[in-house]
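Colleague: Please read through the structure below; I'll follow up with questions.
Here you go:
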């Protein structure tokens, strides 16, 4: 008996793009299929804050007309995408920052990342849920509530790009945007059983306004959430590259798609089960360590290493807290200056955990922030030392096998995630799904590379994805 044809929404973004080019599928049929899927599943997942059905259907008709006219098309022509409701602005579309206070705010401009995606032919389906101002690693806010993992709907999707991860994992979008200041792409990727990547700083432009020099800018990156590594490479090829609106962009050219098929038989991989400071659940470690021989099966070498940063978790989190909390205070002040909305003047409308971060930010002095740079330097040097002798460092992405849907872990879940050290250091890092615990909860492997060696991160991620035979 012939295998049943897959549903449109089961195809990867790369497959959709190919089917559109050959005429096997039309953009209008694809968009129809996705909105049917959104109607069926979004109520239980709560992935989207805003669905832009009318404009998406119009874009699909225009994409189809371009094909009929034999016009030149972009690499994402007709592919449906979801935008995180934080940095990814689309002019005239509701843009809430995950906040009740901005429930009716409309984006005054289109961000560079979104402009590049649409220029490549992507069709925006809507804006996805995020904790208020993206301030924590779980997705829940006072505006629309919590977002569930499509793998286990009693669990949170992770954050702060949880809506985007749930949309991709739940097949409510083919691709999605994310932003990552402490793990906000990689945490939800792990929680939702998909791939997510934080590129090296400056590869994907961040055109923040009115403050392009935000403190938070120095540990934030924009990147993809996708079902496959190949899809992420396709998206990065579109969005990466310098832009004059970003003073922190770096003119480094990387062949992202070419990296996916690159052998890793000469790659040396360091493995750190807990970065010598975290406590990782044994169920998570078991899945991760079962996956590691897949690297060796394709010729890479794997060696367990020590990360000699010389700091306790308390010392690290205190130092990083100075940076993160003052950055959140700064973000609140910039929003007050630019929009006239003072978050702290409306405590009944704002997430308690966000208010705590803002208040904590007021308690730090300039001296504290400067001294935190010493600890940051120690951590950077320790990671650089490992990556001087190995091309890749791998760890679990998160220390636990999921979080409860309505769980509250505090302003920043420092001890529950192994992601934020690489925001501190600036190294590219991805989370690739490598299996599930006995409870059926997904486990992510964090793959870290040398700065601006994002292609090697993709190559290693693609290799283990292929070995495990998972298209997630």
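In this note's numbering, the protein residues as written are 163 to 634. For glycine and all other residues, C-beta sits at the position ideal for the given N, C-alpha and C. Just so it is clear, the structure is predicted and the values come from calculations on it, not from any experiment.
In this structure, does DSSP put residue 463 in helix, strand or coil?
Modeller: Here residue 463 refers to the residue found at position 301 when the chain shown is read from its first residue. Note: residue 463 maps to strand in three-state DSSP.
Colleague: For a quick check, are the C-beta atoms of residue 236 and residue 282 less than 8 Å apart?
Modeller: Here residue 236 refers to the residue found at position 74 of the chain shown. Here residue 282 refers to the residue found at position 120 of the chain shown. Contact flag set, yes.
Colleague: Using the Cβ count rule (16 or more neighbours within 10 Å means buried), how would you classify residue 239?
Modeller: To locate residue 239, count along the chain shown from 1; it is residue 77. Its Cβ being crowded by 16 or more others within 10 Å, residue 239 is buried.
Colleague: Would you identify the three-state DSSP class for residue 440, choosing helix, strand or coil?
Modeller: Counting from one through the chain shown, the residue named residue 440 turns up at place 278. Coil.
Colleague: How close, in whole Å, do the beta carbons of residue 340 and residue 246 come, if the pair is a contact with beta carbons under 8 Å?
Modeller: Your numbering for residue 340 matches position 178 in the chain shown. Your numbering for residue 246 matches position 84 in the chain shown. At roughly 6 Å, the Cβ-Cβ gap stays under 8 Å, so residue 340 and residue 246 are in contact.
Colleague: Starting from the C-beta of residue 618, find all residues in its chain whose C-beta is less than 6 Å away, skip the five residues before and the five after it, and write them out in chain order.
Modeller: Here residue 618 refers to the residue found at position 456 of the chain shown. 553 and 611.
Colleague: Kindly list the residues whose CB is nearer than 8 Å to the CB of residue 573, restricted to its own chain and excluding five residues on each side of it in sequence; keep chain order.
Modeller: Within the chain shown, residue 573 is the residue found at index 411, counting from 1. For residue 573, the predicted structure reports a pLDDT of 41, less than 50, and the residue's modelled location is therefore unreliable. A value from the coordinates is still provided. For residue 573, where only same-chain residues beyond five positions count, the Cβ hits under 8 Å are 297, 298, 487, 515, 516, 518, 519 and 522.
Colleague: Any chance the segment 479-497 sits against the segment 359-379, with 3 or more Cβ pairs inside 8 Å?
Modeller: Touching, yes.
Colleague: At the level of alpha carbons, what is the spacing between residue 446 and residue 433?
Modeller: On the chain shown, position 284 is the one that residue 446 refers to. On the chain shown, position 271 is the one that residue 433 refers to. Rounded to the nearest angstrom, the two C-alpha atoms are 14 Å apart.
Colleague: What's the call for residue 546, buried or exposed, on a 16-neighbour Cβ count within 10 Å?
Modeller: Working through the chain shown from its first residue, we reach residue 546 at position 384. Per the 10 Å Cβ criterion, exposed.
Colleague: Is residue 288 helix, strand or coil by DSSP?
Modeller: For the purposes of this step, residue 288 is taken as the residue at position 126 of the chain shown. Three-state result, residue 288: strand.
Colleague: Pairing CB atoms from the segment 219-237 with CB atoms from the segment 260-267, are three or more of them under 8 Å?
Modeller: Result no; under three Cβ-Cβ pairs closer than 8 Å.
Colleague: Determine the direct distance from the alpha carbon of residue 218 to that of residue 196, and round the result to whole angstroms.
Modeller: Residue 196 sits at position 34 when you count from the first residue of the chain shown. Residue 218 sits at position 56 when you count from the first residue of the chain shown. The straight-line gap from Cα to Cα measures roughly 11 Å.
Colleague: Can you tell me whether residue 529 is buried or exposed, with buried defined as 16 or more other CB within 10 angstroms of its CB?
Modeller: Locating residue 529 in the chain shown gives position 367, where the first residue counts as 1. Looking at its Cβ environment, which holds fewer than 16 other Cβ atoms inside 10 Å, residue 529 is exposed.
Colleague: For the segment 223-247, list the beta strand (DSSP E) runs that are entirely contained and at least 3 residues long, ordered along the chain.
Modeller: Entirely contained in the segment 223-247, the beta strand (DSSP E) runs reaching 3 residues are, in chain order, 242-246.
Colleague: Going by alpha carbons, who is nearest to residue 279 out of 208, 251 and 430?
Modeller: In the chain shown, counting from the first residue as 1, residue 279 sits at position 117. Checking every option, the nearest Cα to that of residue 279 belongs to 251.
Colleague: How many Å lie between residue 633 and residue 389 at the Cα?
Modeller: In the chain shown, counting from the first residue as 1, residue 633 sits at position 471. In the chain shown, counting from the first residue as 1, residue 389 sits at position 227. Unreliable positioning characterises residue 633 in this predicted model, as indicated by a pLDDT of 41, which lies under 50. The coordinate reading is nonetheless provided below. Cα-Cα distance, rounded: 7 Å.
Colleague: Need the endpoints of the beta strand (DSSP E) that residue 555 sits in, please.
Modeller: Stepping through the chain shown from its first residue, residue 555 is reached at position 393. Looking at the DSSP string, the run of the beta strand (DSSP E) that includes residue 555 is 554-558.
Colleague: For residue 458, does the count of other Cβ atoms within 10 angstroms reach 16, so buried, or fall short, so exposed?
Modeller: Numbered from its first residue, the chain shown carries residue 458 at position 296. Exposed, since its Cβ has fewer than 16 Cβ neighbours within 10 Å.
Colleague: Excluding the 5 residues preceding and the 5 following residue 430 in the sequence, name in chain order all residues of the same chain whose CB lies nearer than 6 Å to its CB.
Modeller: In the chain shown, counting from the first residue as 1, residue 430 sits at position 268. Closer than 6 Å at Cβ, skipping near neighbours: 463, 552 and 553.
Colleague: Name the two residues that bound the continuous alpha helix (DSSP H) containing residue 501.
Modeller: One-based indexing of the chain shown puts residue 501 at position 339. 475-501 is the span of the alpha helix (DSSP H), which, as asked, contains residue 501.
Colleague: Within the same chain, show all residues whose beta-carbon is closer than 7 Å to that of residue 293, passing over the 5 residues directly before and after it, in chain order.
Modeller: For this step, residue 293 is matched to residue 131 along the chain shown. So the list reads 260, 300, 301, 302, 303, 321, 322 and 513, once near-sequence residues are dropped.
Colleague: Could you tell me the boundaries of the beta strand (DSSP E) in which residue 338 lies?
Modeller: The residue you call residue 338 lines up with position 176 of the chain shown. From DSSP, the beta strand (DSSP E) with residue 338 extends over 337-342.
Colleague: Just curious, the alpha helix (DSSP H) that residue 357 is in, first and last residue?
Modeller: As a working mapping, residue 357 is identified with position 195 in the chain shown. Per DSSP, residue 357 belongs to no alpha helix (DSSP H); it is in the beta strand (DSSP E), 357-360.
Colleague: In terms of residues, what are the limits of the alpha helix (DSSP H) holding residue 175?
Modeller: Position 13 of the chain shown, counted from the start, is the residue given in the question as residue 175. Taken as a continuous stretch (DSSP letters only), the alpha helix (DSSP H) holding residue 175 covers 175-184.
Colleague: Considering only DSSP beta bridges, list what residue 317 is partnered with.
Modeller: On the chain shown, residue 317 is found 155 positions in, with the first residue counted as 1. In DSSP, residue 317 forms a bridge with 566.
Colleague: Does the structure place the segment 208-215 close enough to the segment 178-186 that three or more beta carbon pairs sit under 8 Å?
Modeller: No: the two stretches stay apart, fewer than three of their Cβ pairs being nearer than 8 Å.
Colleague: Which of the three DSSP states is assigned to residue 468 in this structure?
Modeller: Here the question's residue 468 lines up with position 306 in the chain shown. If DSSP states are grouped into helix, strand and coil, residue 468 belongs with coil.
Colleague: Taking one C-beta from the segment 500-510 and one from the segment 576-586 each time, how about it: are there three or more such pairs within less than 8 Å?
Modeller: Cβ pair count under 8 Å is below three, so no.
Colleague: Using the rule of at least 16 other Cβ atoms within 10 Å of the residue's Cβ for burial, across every protein chain shown, is residue 601 buried or exposed?
Modeller: Counted from its first residue, the chain shown places residue 601 at position 439. So residue 601 counts as exposed.
Colleague: Based on DSSP bridge pairs, tell me the residues matched to residue 196.
Modeller: Translated into the one-based positions of the chain shown, residue 196 becomes position 34. None; residue 196 has no bridge partner.
Colleague: Between 620, 249, 406 and 421, which has its C-alpha nearest residue 382's C-alpha?
Modeller: Counted from its first residue, the chain shown places residue 382 at position 220. Among 620, 249, 406 and 421, the Cα nearest to that of residue 382 is on 249.
Colleague: Can you name the residues that DSSP bridges to residue 590?
Modeller: Start at 1 with the first residue of the chain shown, and residue 590 comes out as number 428. Per DSSP, none; premise fails for residue 590.
Colleague: Under 8 Å: do the segment 585-599 and the segment 395-403 share three or more Cβ pairs, one atom per stretch?
Modeller: Contact fails: fewer than three Cβ-Cβ distances are below 8 Å.
Colleague: Return the CA-CA distance between residue 476 and residue 191, expressed in angstroms with no decimal places.
Modeller: Position 314 of the chain shown, counted from the first residue, corresponds to residue 476. Position 29 of the chain shown, counted from the first residue, corresponds to residue 191. So the two alpha carbons sit approximately 53 Å from each other.
Colleague: Using CA coordinates, which residue listed in 265, 456, 363 and 407 is at the minimum distance from residue 607?
Modeller: Against the chain shown, residue 607 aligns to sequence position 445. Selected option, being the one with the closest Cα: 456.
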